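Engineer: In the numbering used here, the protein residues as written are 14 to 74. Ideal Cβ placement from N, Cα and C applies to all residues, glycine included. All values derive from a computational prediction rather than experimental measurement.
Here you go:
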């Protein structure tokens, strides 16, 4: 179940870059703390770091 929520959160981060990470966690039905912990376990970085990298990649295109 957590993997589905994280997948959804990542999709939201890519599709809704104007949303806050709090809003994304809430939409994915996770607390901010759980979102941060599970995200770091899976991706090895904070959600904010992931978002920064994604935005940088988009700007390079």
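For residue 22, I'd like the list of residues in its chain whose CB is within less than 8 angstroms of its CB, leaving aside the five on either flank, ordered along the chain.
Structural biologist: For residue 22, where only same-chain residues beyond five positions count, the Cβ hits under 8 angstroms are 37, 38, 40, 41, 43, 48, 52, 60.
Engineer: Select from 66, 29, 34, 55 the residue whose C-alpha is nearest the C-alpha of residue 17.
Structural biologist: Here the closest residue by C-alpha is 55.
Engineer: Go ahead and label residue 26 buried or exposed: buried means 16 or more other beta carbons lie within 10 angstroms of its beta carbon, across all protein chains shown.
Structural biologist: Residue 26 is buried by the Cβ-count criterion.
Engineer: DSSP three-state label for residue 44, please.
Structural biologist: Coil.
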